[in-house]
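Student:
Residue numbers (our numbering): 727 to 1040.
Below, the structure is given as structure tokens:
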């Protein structure tokens, strides 16, 4: 008796009908309970079983065991050992199809079978290719042998069509003719990238210039005593938000901060804001100026300090 050899039952290769079956999505548990081996996918033509079924990587393999219980099984075994029969094919229930690009390969024209259920394995004479299969879907048998029609729907478009459409659409988006060459498209893309880089550089330079103008305006406001130095960061941030024009207008509307002592120090000046409560609060170098220029204010502060009024000679 010839020694049985492990055979490849199915894999994920593309068949001649433009589809393929993902091994990872194939459920073999039902078949393992009844690993029947048929001849040409025909019910009633049982010629043995599949031993030691294995799912490894993208392949399903096993050993063919001919029962020799019928003349057909005996003949198939002899032909298998001789080599005149050397193809096997699977019968599967199709559970799910996908047109997702990640499941498609070059030349594929029908959706990929991503989920399926194995229900039989057959010895066949000629299949669609090295991976001929028989499918069942919605209870209906779908022949996919050499002489069968493809039972699966066609893809909306294949990869070559996708590439062509994408190129045309891309060309139009770039403002080029639909039939623009790849060189023209690449040149346009390079031109747009250069323009974008230039705009980015100009934007950075403009931002730096605006910041410099804002900082100068704030420094000027500090020098003019319109704001205090500790407010510098605040007004710089304000300038970034409202712009140099609005910030400058704000500073133009502000008056310089003046101390009352500076106002009193001018001959004949009248203080605008009386902040002193008693005479001892007046700087010693300003007392005589206050006595001469504002005698009433001097008397008020004197009384507040000593509790009685003073007389000032003219």
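C-beta atoms are modelled at their ideal positions from N, C-alpha and C, and glycine is treated no differently.
Mapping DSSP to helix, strand and coil, what is residue 745?
Tutor: Start at 1 with the first residue of the chain shown, and residue 745 comes out as number 19. Residue state, collapsed to three classes: coil.
Student: Does the contact criterion of 3 or more C-beta pairs under 8 angstroms hold for the segment 788 to 798 versus the segment 759 to 767?
Tutor: They touch, by the three-pair rule.
Student: Quick one: grab the DSSP three-state call for residue 736.
Tutor: If you number the chain shown from 1, residue 736 lands on position 10. Of the three classes helix, strand and coil, the one that applies to residue 736 here is strand, per DSSP.
Student: Near residue 952, what residues of its chain come up, given a Cβ to Cβ distance below 8 angstroms and the 5 sequence neighbours on each side ignored?
Tutor: One-based indexing of the chain shown puts residue 952 at position 226. Excluding residues within five positions, the ones whose Cβ falls inside 8 angstroms are 977, 980, 981, 982 and 983.
Student: In angstroms, rounded to a whole number, what distance separates the CA positions of residue 801 and residue 737?
Tutor: The residue labelled residue 801 in the question sits at position 75 within the chain shown. The residue labelled residue 737 in the question sits at position 11 within the chain shown. Looking at the two C-alpha atoms, the distance is approximately 27 angstroms.
Student: Considering only residues of the same chain and omitting the five flanking positions on each side of residue 1002, which have a CB-CB separation below 7 angstroms?
Tutor: Locating residue 1002 in the chain shown gives position 276, counting from the first residue. If we look at residue 1002 and ignore the five residues flanking it on each side, its Cβ neighbours are 1008 and 1027.
Student: In terms of residues, what are the limits of the beta strand (DSSP E) holding residue 976?
Tutor: Walking along the chain shown from the start, residue 976 turns up at place 250. No beta strand (DSSP E) contains residue 976, which is instead part of the alpha helix (DSSP H) from 970 to 978.
Student: Going by alpha carbons, who is nearest to residue 827 out of 1013, 838 and 971?
Tutor: Reading the chain shown from its first residue, position 101 is the one you call residue 827. Answer by Cα proximity: 838.
Student: At 4 residues or longer, and completely inside the segment 896 to 959: list those alpha helix (DSSP H) runs for me, N to C.
Tutor: Correct list: 908 to 949.
Student: Identify, in the order they occur along the chain, each residue of the same chain with its Cβ nearer than 8 angstroms to the Cβ of residue 789, setting aside the five sequence neighbours on each side.
Tutor: The residue you call residue 789 lines up with position 63 of the chain shown. Taken in chain order, the residues that qualify are 730, 731, 732, 733, 776, 777 and 778.
Student: If residue 818 and residue 844 are in contact, beta carbons under 8 angstroms, what's the gap, nearest whole angstrom?
Tutor: The residue labelled residue 818 in the question sits at position 92 within the chain shown. The residue labelled residue 844 in the question sits at position 118 within the chain shown. Right, their Cβ atoms sit about 5 angstroms apart.
Student: Closest by CA to residue 852, which one among 805, 832 and 812?
Tutor: Counting from one through the chain shown, the residue named residue 852 turns up at place 126. Taking only the C-alpha atoms, the option nearest residue 852 is 812.
Student: Are residue 970 and residue 939 touching if we call contact CB-CB under 7 angstroms?
Tutor: Residue numbering aside, residue 970 sits at position 244 when the chain shown is read from its first letter. Residue numbering aside, residue 939 sits at position 213 when the chain shown is read from its first letter. Going by C-beta atoms, residue 970 is nearer than 7 angstroms to residue 939.
Student: Please return the same chain residues whose Cβ sits closer than 8 angstroms to the Cβ of residue 904, not counting the five positions on each side in sequence.
Tutor: The residue given as residue 904 occupies position 178 in the chain shown. 894, 897 and 898.
Student: Which stretch, first to last residue, makes up the beta strand (DSSP E) that contains residue 839?
Tutor: For the purposes of this step, residue 839 is taken as residue 113 along the chain shown, with counting starting at 1. Unbroken beta strand (DSSP E) run through residue 839: 838 to 850.
Student: Which residues does DSSP pair with residue 824 in a beta bridge?
Tutor: Taking the chain shown and counting its residues from 1, the one referred to as residue 824 is at position 98. Paired residue(s): 838.
Student: What are the start and end residues of the beta strand (DSSP E) that includes residue 763?
Tutor: Position 37 of the chain shown, counted from the start, is the residue given in the question as residue 763. Residues 762 to 765.
Student: If you count every other CB in all the chains shown that lies within 10 Å of the CB of residue 803, and 16 or more means buried, which is it?
Tutor: As a working note, residue 803 is residue 77 in the chain shown. It counts as buried.
Student: In angstroms, rounded to a whole number, what distance separates the CA positions of residue 1020 and residue 1013?
Tutor: Here residue 1020 is taken as the residue at index 294 of the chain shown, counted from 1. Here residue 1013 is taken as the residue at index 287 of the chain shown, counted from 1. Approximately 10 angstroms between the Cα atoms of the pair.
Student: Within the continuous beta strand (DSSP E) that includes residue 790, where are the two ends?
Tutor: Here residue 790 is taken as the residue at index 64 of the chain shown, counted from 1. Unbroken beta strand (DSSP E) run through residue 790: 785 to 792.
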